[in-house]
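In my numbering, the protein residues as written are 786 to 989.
A virtual CB, placed ideally from N, CA and C, is assigned to each residue, including glycine.
So the structure is just underneath, and the comments pick up after that.
Below, the structure written as structure tokens:
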């Protein structure tokens, strides 16, 4: 993880299906920040994260990462970013442990076990994901947050399907990451996160 990192979004214009999702959007994030993107369904929250990570292209605007202009080439940012979309993206036939190793093939057994304990999944490590509840399945998808050394986390509706305990675990992990100098940008239409540094509102 970088000792200090920053992300600056300047005058961003995102258009989809001939509709402006945002225009002239500017905000910045630096080490220790948790920024929450708010908005109703269809307001463009997911598109914004995809533009930041380079999966989509904006109409206009500039994106800088730690002082480097990455508007045309996100490779520097992508090396240091972890993006988790709204879809859980887990393999239903694989066990919990197999899914995590699929995402993180180099993780050692001790670290894997510690992550599973933190997520309260250790008793299910050999259980196929298809036998888990929706909340447990979501925890499997989020396990990368307990294993990643990436500085910038881009999380699309990470609290979806989580129960109260799951929300508490995730908020604690996000706080730990920020305190360690990480940066988090997450989308939500729910007022769940109490530790956000600030909110960015997108209007539908």
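Between residue 972 and residue 837, the CB-CB gap reaches or exceeds 8 Å. In the three-state scheme derived from DSSP, where H, G and I count as helix and E and B as strand, residue 865 is classed as coil. By alpha-carbon distance to residue 921, the top candidate from 944, 934, 899, 938 is 944. In the displayed model, residue 908 falls within a helix according to three-state DSSP.
In the displayed model, residue 920 falls within a helix according to three-state DSSP.
Three or more Cβ pairs closer than 8 Å define a contact, and the region 854 to 866 falls short of that threshold against the region 882 to 902. Counting C-beta pairs closer than 8 Å gives three or more between the region 876 to 889 and the region 909 to 925, which meets the contact rule.
Under the three-state reduction of DSSP, residue 983 is assigned to strand. Between the region 946 to 963 and the region 801 to 814 there are fewer than three inter-stretch CB-CB distances shorter than 8 Å, so the stretches are not counted as touching.
In the three-state reduction of the DSSP assignment, residue 894 falls in the helix class, which pools H, G and I. Between the alpha carbons of residue 924 and residue 793 lies a gap of roughly 30 Å. DSSP places residue 945 in the coil class of the three-state scheme, outside both helix and strand.
For residue 799, the pairing in a beta bridge is given by DSSP as 807. Checking the DSSP bridge columns, you'll see residue 821 partnered with 971, 984. DSSP links residue 938 through a beta bridge to 867, 969. Assignment of residue 815 by DSSP, reduced to helix, strand and coil, places it in the strand class.
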